[in-house]
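Engineer:
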Amino acid sequence: MQTPASREQQVLDRIERVRHRKARVREDRITLAHGAGGKATHTLIEAVFLEAFRNPLLEPLEDGAVVDGLAFTTDSYVVTPLFFPGGDIGDLAVNGTVNDLAMCGARPRYLSAGFILEEGFPVADLRRITASIAAAARAADVWIVTGDTKVVERGKADGCYITTSGIGTLDRTTRLSAAAALPGDVVIVSGPIGEHGITIMLARGELDIEADLTSDTAPLNALTRILLDACGDGRVRCLRDATRGGVATIVNEIAEASKVAVVLEEDAIPVRPAVRGACELLGIDPLYVACEGRMVAVVAEQSAEVALAALRSHPLGADAAVIGRIGDDPPGLVLLKTSFGGTRIVDLLVGDPLPRIC
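Position one of the sequence shown corresponds to residue 11 (this note's numbering), numbered consecutively onward.
1. Keeping to the same chain, check which residues put their C-beta closer than 6 Å to that of Val-356; ignore five residues upstream and five downstream.
2. Would you kindly report the start and end of the unbroken beta strand (DSSP E) that includes Asp-85?
3. Helix, strand or coil, according to DSSP, for Ala-221 in the structure here?
4. Quick check on Asp-222: buried or exposed, where buried means 16 or more other Cβ atoms within 10 Å of its Cβ?
5. Asp-158 lies in the beta strand (DSSP E); which residues open and close that run?
6. Given this structure, state the Cα-to-Cα distance separating Arg-214 from Asp-168, to the nearest angstrom.
7. Would you mind working out which of Leu-358, Leu-364, Asp-295 sits nearest His-52, comparing C-alpha positions?
8. DSSP has Glu-275 in a bridge; who is on the other side?
9. Assign Val-350 to one of two classes, buried (16 or more other C-beta atoms within 10 Å of its C-beta) or exposed (fewer than that).
10. Could you have a look at Ala-75 and say whether DSSP puts it in helix, strand or coil?
11. Pick out whichever of Ser-323, Thr-183, Ile-279 has its Cα sitting closest to the Cα of Asp-243.
12. Is the region 129-141 touching the region 256-273, taking contact as three or more C-beta pairs under 8 Å?
13. In the structure shown, what three-state DSSP assignment does Ile-355 receive?
14. Check Val-197 in the structure and name its three-state DSSP category.
15. Under the rule that 16 or more other beta-carbon atoms within 10 Å means buried, what is Gly-48, buried or exposed?
16. Quick one: is Val-28 buried, meaning 16 or more other Cβ sit within 10 Å of its Cβ, or exposed?
17. Measuring straight from C-alpha to C-alpha, what distance separates Arg-164 and Ile-126?
18. Given Gly-130, which residues of its chain have a CB within under 7 Å of its CB, disregarding the five upstream and five downstream residues?
19. Name the DSSP bridge partner or partners of Pro-118?
20. Considering only C-alpha positions, which residue in the set Arg-119, Pro-296, Gly-100 is nearest to Thr-173?
21. Just the C-alpha distance for Thr-107 and Val-88, rounded to the nearest angstrom, thanks.
22. Hey, how far is the Cα of Ile-294 from the Cα of Arg-335?
23. State the Cα-Cα distance for the pair Ala-123 and Asp-218, rounded to the nearest angstrom.
24. Please name the residue, chosen from Ile-333, Gly-287, Pro-296, that lies closest to Ile-279 on a Cα-to-Cα basis.
25. If you check the beta carbons only, do Ala-46 and Gly-255 fall under 8 Å apart?
26. Look up Val-104 in the DSSP assignment and say whether it is helix, strand or coil.
27. Do the region 303-312 and the region 233-249 make contact, defined as three or more Cβ pairs closer than 8 Å?
28. Alpha carbon to alpha carbon, how far is Ala-228 from Asp-181? Give it in angstroms, no decimals.
29. Taking 7 Å as the limit between beta carbons, can you name the residues of its chain near Arg-235, skipping five residues before and five after?
30. Cβ of Val-272 within 8 Å of Cβ of Pro-202?
31. Measure the C-alpha to C-alpha separation of Asp-135 and Ala-328 and round it to an integer number of angstroms.
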């Protein structure tokens, strides 16, 4: 007769076999889910893009590539609406690319900005967006040094799309990587999660819900420098900004890359009441909701208190919290210890409950 432990292990083994099947895009056409940052996105990247472009610099699938002492990243922005409480597509584009560089441990230096504009787009709105880009670049201490503009026919785009690429310099010998997490390490989030995604959903006016929320979009490069300087080389294993797919996606990527288990404590995860309430009404788990000014850090256990103190010394990290730990088993899986005393698996996002949030 099987024991509960053996049955549990059988279930975990089956999950692992399914998770490690070769990625295959089953749909004939691209769906919104392919852009959500969850399972469909990962499958698309592995089965189409990585299959075509595979090389040693791309294969780690980090937030940016590290090449000859430089970090390099690129990102596109299709958020709707273009203007929302706490920001707009312009500062979102700057902050998102700055943050991807910062997650590599780099000092962001130079950005490009490419615009796809729809015929008939108001010049006043474009000026507002470019002013926002300029202000965000100054705040992050980066320069916009090159760019491009294309215009498509009316009805062939949705006002304005932006693509930004960025270059940053590396001055540390230790590489940050999702594959560097070790059993015993702690998982820290820099602040309350889910504010950007819920703000965007409410700003669309499609839901009869009101909440006093603004996007958390912000540059994290100053915060990462404080953390890295306080902890020293090798003590911070990994940094990730929790954008599409939220914190759940980030910790799944870390668990898979490092072949470790991530065990989260539901009661320790900071979520503002307005976000929690909106998520409950929408039937969405806050763990899957995007942030644009929050990061997840995996830090050596002996540096946890130093890391928390460093983060809390900066306004963007004032509410930083330890939300979990890295374990040995089951490797590649994320477990959540719930408020009710149970444990459940936190998998990659399926579908796209919040399309076009960045």
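Heads up, the beta-carbon is just placed ideally off N, CA and C, and yes, glycines get one too.
Treat the numbers as computed from the prediction; the structure is a model and nothing was measured.
Structural biologist: For this structure:
1. Within the sequence shown, residue 356 is the residue found at index 346, counting from 1. Within the same chain, Val-356 has close Cβ partners Ala-258, Val-344, Leu-346.
2. Here residue 85 refers to the residue found at position 75 of the sequence shown. Unbroken beta strand (DSSP E) run through Asp-85: 80-87.
3. Here residue 221 refers to the residue found at position 211 when the sequence shown is read from its first residue. Coil at Ala-221, not helix or strand.
4. On the sequence shown, position 212 is the one that residue 222 refers to. Exposed.
5. Position 148 of the sequence shown, counted from the start, is the residue given in the question as residue 158. Unbroken beta strand (DSSP E) run through Asp-158: 153-162.
6. Against the sequence shown, residue 214 aligns to sequence position 204. Against the sequence shown, residue 168 aligns to sequence position 158. Each residue's Cα considered, the two are about 14 Å apart.
7. As a working note, residue 52 is residue 42 in the sequence shown. That would be Leu-358, whose Cα lies nearest to the Cα of His-52.
8. Taking the first residue of the sequence shown as 1, we reach residue 275 at position 265. Glu-275 is bridged to Lys-347.
9. Residue numbering aside, residue 350 sits at position 340 when the sequence shown is read from its first letter. Here residue 350 is Phe; the residue named in the question, Val, does not match the sequence. Exposed, since its Cβ has fewer than 16 Cβ neighbours within 10 Å.
10. Here residue 75 refers to the residue found at position 65 when the sequence shown is read from its first residue. It is a strand residue.
11. Indexing the sequence shown from 1 puts residue 243 at position 233. Comparing Cα-Cα distances from Asp-243 to each of Ser-323, Thr-183, Ile-279, the minimum goes to Thr-183.
12. no
13. Here residue 355 refers to the residue found at position 345 of the sequence shown. Residue state, collapsed to three classes: strand.
14. Numbered from its first residue, the sequence shown carries residue 197 at position 187. Looking at Val-197 - three-state DSSP - the assignment turns out to be strand.
15. Your numbering for residue 48 matches position 38 in the sequence shown. With 16 or more Cβ atoms within 10 Å of its Cβ, Gly-48 is classed as buried.
16. Position 18 of the sequence shown, counted from the start, is the residue given in the question as residue 28. For Val-28, the predicted model reports a pLDDT of 49, less than 50, meaning its position is unreliable and no value from the coordinates is stated.
17. Residue 164 sits at position 154 when you count from the first residue of the sequence shown. Residue 126 sits at position 116 when you count from the first residue of the sequence shown. C-alpha separation (whole angstroms): 12 Å.
18. Position 120 of the sequence shown, counting from 1, holds the residue named residue 130. Excluding residues within five positions, the ones whose Cβ falls inside 7 Å are Arg-164.
19. Working through the sequence shown from its first residue, we reach residue 118 at position 108. Gly-178, per the DSSP bridge assignment.
20. Taking the first residue of the sequence shown as position 1, residue 173 is located at position 163. It is Gly-100.
21. In the sequence shown, counting from the first residue as 1, residue 107 sits at position 97. In the sequence shown, counting from the first residue as 1, residue 88 sits at position 78. Going by the C-alpha atoms only, they are around 14 Å apart.
22. As a working note, residue 294 is residue 284 in the sequence shown. As a working note, residue 335 is residue 325 in the sequence shown. Straight-line Cα distance between these residues: approximately 24 Å.
23. Position 113 of the sequence shown, counted from the start, is the residue given in the question as residue 123. Position 208 of the sequence shown, counted from the start, is the residue given in the question as residue 218. Whole-angstrom Cα-Cα distance: 36 Å.
24. Taking the first residue of the sequence shown as position 1, residue 279 is located at position 269. Minimum Cα distance to Ile-279 is reached at Ile-333.
25. Numbered from its first residue, the sequence shown carries residue 46 at position 36. Numbered from its first residue, the sequence shown carries residue 255 at position 245. It is a contact, given that the beta carbons lie within the stated cut-off.
26. Reading the sequence shown from its first residue, position 94 is the one you call residue 104. Residue state, collapsed to three classes: helix.
27. yes
28. Walking along the sequence shown from the start, residue 181 turns up at place 171. Walking along the sequence shown from the start, residue 228 turns up at place 218. If you take the alpha carbons of Asp-181 and Ala-228, they lie about 23 Å apart.
29. Taking the sequence shown and counting its residues from 1, one reaches residue 235 at position 225. Closer than 7 Å at the Cβ level, and outside the excluded window around Arg-235, lies no residue.
30. Translated into the one-based positions of the sequence shown, residue 272 becomes position 262. Translated into the one-based positions of the sequence shown, residue 202 becomes position 192. No. Outside cutoff.
31. The count along the sequence shown starts at 1 and reaches residue 135 at position 125. The count along the sequence shown starts at 1 and reaches residue 328 at position 318. The straight-line gap from Cα to Cα measures roughly 34 Å.
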